[in-house]
Amino acid sequence: MTVRVPAKVNLQLSVGPAGVDGYHELATVFQAVGIFDEVTARPTAGSGVSLSLSGDADGVEADPDNLAWRAAVLLADHAGVTPDVDLHVRKAIPVAGGMAGGSADAAGALVACDALWRLQTPREELMALAAMLGSDVPFMLHGGTAIGTGRGERLTTVLTRGTFMWVFAIADQGLSTPAVYRECDRLRGGRRVPAPYVSDMLMQAVRAGDSVLLGKSLHNDLQAAALTLRPALRQVLELGEEYGAFGSIVSGSGPTCAFVARDDEHALDLAVALTASGVCRTVKRGIGPVAGAKIVG
Ligand code: C5P
């Protein structure tokens, strides 16, 4: 059973105060974009969970802490079956890049194991299990464009028109999400933080499929923290602007930088310019929105 799962970018990430559990209250707009990991689940005869990785998987461990592995165990527990499965994850989503690569693999494993074990788990139950695995995992099942509130796991679908062309500049080394949130708190220095919100201008941009307006509406409260931890990202963002991106933003907790291009041709030009400049390890292009975790074979 093979499942294809997209990456995400946050068009807006409004971070409220930290709660007692350490999690921050969010108002975010997720968009699923066309860079995909593939999770394959194969039956085994009673030998538990095994996991192997291929593709761009540097720095990912194929062990019981891996989110895909944990997803298989959680689903089996929930359904009261033994977790016998051989998982393979083919990675293209940057690792620790702010594009929910690990969350995508968890969502992929949930869908793949659910189908392999013929569980037909109701959608709401699968979404609840996803939320237990991580704040971004429900969105990786959902796909498309959605507003996330709470920790990011409570989703409301956003109806959009057309597609946007994205270019992603992927850094040499990832950033730790908890470290970026901690840095955001440190920079705020105990000041009162307003409740998180989603801007009307952004909603208007995605509903109209207006790339220019989308570019102007991108906003990420974690960006300042990601830039403090990784000052070189400033140059990456500036380069995107220099080459005519409609908007530039650090994706989620970074360090991937995302750019809105005018069209296919402009996306290619932008990708070439970023690659040639040597400011990032690699560049990927993808359209958004795309569907969430989906069985492909
Ligand atoms: O939910 P998830 O395990 O993906 O979150 C990873 C880390 O990101 C958390 O441990 C926390 O430090 C931070 N986080 C947060 N507030 C959120 C979501 C994540 O502080 N709403």
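Per numbering that gives the first Met the number 0: the sequence shown = residues 0 to 296. All C-beta atoms, glycine included, are put in the ideal place defined by N, C-alpha and C.
Rounded to the nearest angstrom, how far is the Cβ of residue i from that of residue j, given a contact under 8 Å?
i	j	result
Y28	L201	Per the sequence presented here, residue 28 reads as Val, with Tyr not at that position. Contact flag correct, Cβ pair sits at about 6 Å.
V282	A168	6 Å
D55	A91	6 Å
L372	P42	As displayed, the chain neither begins before 0 nor continues past 296, which places residue 372 out of reach and without an answer.
D107	A292	For the sequence presented, residue 107 should be read as Gly rather than Asp. Confirmed, Cβ separation roughly 5 Å.
V166	A260	6 Å
T148	A26	6 Å
L213	G246	6 Å
C183	V235	Not a contact, Cβ separation roughly 19 Å.
P89	E123	In the sequence as displayed, the identity of residue 89 is Arg instead of Pro. About 29 Å; that fails the 8 Å criterion.
G285	G33	4 Å
A170	L118	With 8 Å as the limit, A170 and L118 do not qualify as a contact, their Cβ atoms being about 38 Å apart.
V197	I146	6 Å
If I measure Cβ to Cβ from residue i and keep anything under 7 Å in the same chain, skipping five residues before and after, which residues do I get?
i	result
R301	Outside the shown range of the chain (0 to 296) lies residue 301, about which nothing can therefore be said.
S276	L238
F35	R3, V4, P5 and A91
Q30	K7, V8, L10, T144, G287 and P288
P137	M126, A129, A130, E152 and L154
P195	S13, V14, G15, E24, L25 and A26
A224	V179, E182, C183 and L186
A257	V8, W165, F167, I248 and S250
S210	F163, F245, V259 and R261
Q203	L212
T156	G143 and A145
L158	R206
Looking only at its own chain, which residues have a Cβ that is under 8 Å from the Cβ of residue i, when we skip the five neighbours before and after it?
i	result
H265	M164 and G243
G173	G58, P93, V94, A95, G96 and P254
V72	V48, P63 and P82
S53	H87, V88, R89 and K90
A105	L66, A67, R69, A70, A129, L132, G133, V136 and M139
R233	L226
V192	V14, G15 and P16
D263	M164
E240	S247
On the DSSP bridge list, what partners appear for residue i?
i	result
D169	It is worth fixing the name first, because residue 169 is Ile in this sequence and not Asp. Partner(s): T281.
F258	V166 and S247
K90	G54
L154	G147
I34	In DSSP, I34 forms no bridge with anything.
Q119	According to DSSP, Q119 bridges with nothing at all.
N219	L12
D85	R41 and S49
R4	Just to set this straight, residue 4 is Val in the shown sequence, not Arg. Note: V4 sits in a beta bridge opposite D36.
S274	What sits at residue 274 in the sequence shown is Thr, not Ser. The partner list for T274 (beta bridge, DSSP) is empty, contrary to what the question assumes.
R25	Arg is not the amino acid found at residue 25; the sequence shown has Leu there. Answer is V14 and G149, bridged to L25.
A290	G142
In chain order, what residues of the same chain lie with their CB nearer than 6 Å to the CB of residue i, ignoring the 5 residues before and after it?
i	result
G97	S250, G251, S252, G253 and T255
M0	A40, A111, A114 and L115
G296	T1
Y22	R150
G101	L66
V80	W116
R229	P254
L75	This sequence places Ala at residue 75; Leu is not what is there. Around A75: P82.
H141	L154 and G291
Would a check of beta-carbon distances place residue i closer than 7 Å to chain B?
i	result
S276	Checking the listed chains, one finds no chain B in this structure; it contains a single protein chain.
- Message: Under 8 Å, with one C-beta from each stretch per pair, do the segment 84–99 and the segment 40–56 reach the 3-pair mark?
- Response: yes
- Contact the segment 174–182 vs the segment 112–130: 3+ CB pairs below 8 Å: no
- Decide if the segment 182–201 is in contact with the segment 271–287; the criterion is three or more beta carbon pairs, one per stretch, under 8 Å apart. no
- Message: Using 8 Å as the cut-off, can you tell me whether the segment 211–231 makes contact with the segment 60–70, which would need three or more C-beta pairs spanning the two stretches below that distance?
- Response: no
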